[in-house]
Amino acid sequence: MSTVVLAYSGGLDTSVAIRWIKEKYNLDVIAVTIDVGNDRDLQSIAERAMKIGAVKALIVDGRSDFVRYFVWPALQANTLYEGQYPLATALARPLIARLLVEVARQEGSVAVAHGCTGKGNDQVRFDVSINTLAPDLKIIAPVREWSMTRDNEIAYAAEHNIPIPVTNASPYSVDQNLWGRSVECGVLEDPWAEPPADVYEWTDDPNSSETLEPEYLEITFQHGVPVALNGEEIDGVTLIELLNKQAGKFGIGRIDHIENRLVGIKSREIYESPAATVLLTAHKALESLTLSREQIRFKELVSSEYARLIYNGQWYSALHQDLATYVQSTQRFASGVVRVKLTRGQCAIVGRKSEHSLYDHALATYDSGDQFDHNAALGFIKLWGLPLTTQAQAQLLPSVGLEGNLLSNGQAKVKLIEK
Ligand code: ARG
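Residue numbers (our numbering): 19 to 437.
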């Protein structure tokens, strides 16, 4: 019998899918549960898959690959989608797609399957990645294909003796991995409604009045990758887990985002990403010391393109390789230590140092020892302002006068007509 490799989360959708795929496509299901730091009981999830009728249930620990090949490059690039979302869900998709393809090859399967709906970004990320890596594999997306409501699914499960996961029926749709937790649906679909307290699981209320002493952290980066915490070497997975707890306690990393999905919908998502928030803030602080003004400016353009590309499911693209190569080049001197102070709801940078620092005290100081050439500033100002003074004299002052120039554009025009 031919097989299909299903990305199995253990939830209602993918549990029902095991039976549904068998019925609809007559394929045996190999369930693969991929751990990207989702904090679940993987053993019992695999057992459930077998109980439902999977012919095999595999567990893959993808955590260190996730951090090394997906999270760190995104950190080095400072990627935030639309300036807000650290891209946790979006970053894990291309890894999961790759692992599904790998298992499909090992098992000689003819198809892969995932539990995405037909209106989100994740179906695009999975399908585009899978088609790119293995165009011959068929893709089955049961939830996109069947037209069952949640209640229909529960009825289907009862009919087919599918043990459904006994969750406390969360009103939200949640996806989580090491880099963050994404929550949508329920009351969150009203963009005016403040998220209720039960939306948050990783972060404490930043407005809690209980006393909480500030905490200082020293994060050491090597070429833009965090390698030590408070002077002690630490591996990426452990560091991120620790920061999620530590910064989560202070309520750091809550994000309320009305985002533009690739499929054209605006949606409201709440993110919790304590570790990502701390590390992105610290990494940027280090770059402010070690990159030139022009590098920082140009890198911001690259970052936003890079974030879009990740969000839009184009991880396995030549453009990505190009941008990643640029970003790696920017990290040549991004080594040093950043000192971070955690207080409720806030992660403040209070110190930074690097052996490659471009900060020159002799140039910056207002005290004795100042080596900045004050006289050179005069010539600089003259040339820097030259095009402005030229244009003002030729066009602006004669037409609208001093008064008009003080006003904003539209008003200046009115003045011009009056004259
Ligand atoms: N909006 C985010 C993205 O497209 C997260 C999607 C998954 N969210 C969820 N709550 N299941 O990357």
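Ideal Cβ placement from N, Cα and C applies to all residues, glycine included.
Open item on the list: Within 10 Å of its beta-carbon, does Val432 have 16 or more other beta-carbons around it, so buried, or fewer, so exposed?
Closed with: With a pLDDT of 46 at Val432, under the threshold of 50, the modelled position of this residue cannot be trusted; read the value that follows with caution. Around the beta carbon of Val432, a 10 Å sphere encloses fewer than 16 other beta carbons of the protein chains shown; the residue is thus reported as exposed.
TODO: Report yes if the C-beta of Glu250 is less than 8 angstroms from at least one heavy atom of ligand 1; otherwise report no.
DONE: no
Task: Leu76 (DSSP reduced to helix, strand or coil) - done: strand
Task: Sequence-distant residues of the same chain with beta carbon closer than 6 angstroms to Gly428, five excluded per side - done: Model confidence at Gly428 stands at a pLDDT of 49, short of 50, so the residue's coordinates are unreliable and nothing is read from them.
Open item on the list: Between Ala352 and chain B, is any beta-carbon pair separated by less than 9 angstroms?
Closed with: No chain B is present in this structure, which holds just one protein chain.
TODO: With DSSP collapsed to three states, give me the class of Pro209.
DONE: Coil, per DSSP.
Open item on the list: When you compare the CB positions of His379 and Gly369, do they come within less than 9 angstroms of one another, or not?
Closed with: No, the pair does not count as a contact, with Cβ atoms beyond the cut-off.
Open item on the list: Under 8 angstroms: does the beta carbon of Ala108 sit that close to some heavy atom of ligand 2?
Closed with: As presented, the structure is devoid of ligand 2, carrying ligand 1 as its sole ligands.
Open item on the list: Judging by CA-CA distance, which residue of Glu207, Ala67, Leu60 and Arg58 is the nearest neighbour of Ala49?
Closed with: The shortest C-alpha separation from Ala49 is found at Ala67.
TODO: Assign Asn195 to one of three DSSP states: helix, strand, or coil.
DONE: strand
Task: C-alpha gap between Lys437 and Lys400, whole angstroms - done: Low confidence applies here, because Lys437 scores a pLDDT of 45, under 50, leaving its location unreliable; read the following figure in that light. If you take the alpha carbons of Lys437 and Lys400, they lie about 32 angstroms apart.
- [ ] Report the rounded CA-to-CA distance for Ile237 versus Ser347, giving the unit in angstroms.
- [x] In this structure, the CA atom of Ile237 is about 21 angstroms from the CA atom of Ser347.
Task: Three-state class that DSSP yields for Phe351 in the structure shown - done: coil
Open item on the list: My assumption, with CB atoms under 8 angstroms, is that Phe84 sits in contact with Ala110. Please give the rounded CB distance.
Closed with: About 6 angstroms separates the two Cβ atoms, so the contact holds.
Task: 6 angstroms CB neighbourhood of Ser20 in its chain, flanking five on each side removed - done: Leu45 and Val128
Open item on the list: Using the three-state DSSP reduction, which class does Lys40 fall into: helix, strand or coil?
Closed with: Three-state DSSP puts Lys40 in a helix.
TODO: Return yes when at least one heavy atom of ligand 1 lies under 8 angstroms from the C-beta of Glu318, else no.
DONE: no
- [ ] May I ask whether a heavy atom of ligand 1 can be found less than 8 angstroms away from the beta carbon of Ser200?
- [x] yes
Open item on the list: Does Ile252 come out as helix, strand or coil in the three-state DSSP assignment?
Closed with: coil
Task: Backbone CA spacing between Thr439 and Asp59 [nearest angstrom] - done: It is not possible to answer for residue 439, since the shown part of the chain is limited to 19 through 437.
TODO: Compare the beta carbon distance of Arg360 and Ala294 with 9 angstroms and say whether it is the shorter of the two.
DONE: The question names Arg, but residue 360 in the sequence shown is Leu. Contact flag unset, no.
- [ ] Count the other C-beta atoms from every protein chain shown that fall within 10 angstroms of the C-beta of Gln240, then say buried if there are 16 or more, exposed otherwise.
- [x] Exposed, since its Cβ has fewer than 16 Cβ neighbours within 10 Å.
TODO: Could you say if the stretch 249-269 and the stretch 218-227 meet the contact criterion of at least three C-beta pairs nearer than 8 angstroms?
DONE: yes
Open item on the list: Tell me whether Arg58, by its Cβ, gets closer than 8 angstroms to a heavy atom of ligand 1.
Closed with: Outside the cutoff, so no.
Open item on the list: What does the alpha-carbon distance come out to for the pair Leu280 and Val22?
Closed with: So the alpha carbons of these two residues sit roughly 27 angstroms apart.
TODO: Name the residue from Leu414, Gln102 and Asn56 whose alpha carbon lies nearest to the alpha carbon of Asp193.
DONE: Asn56
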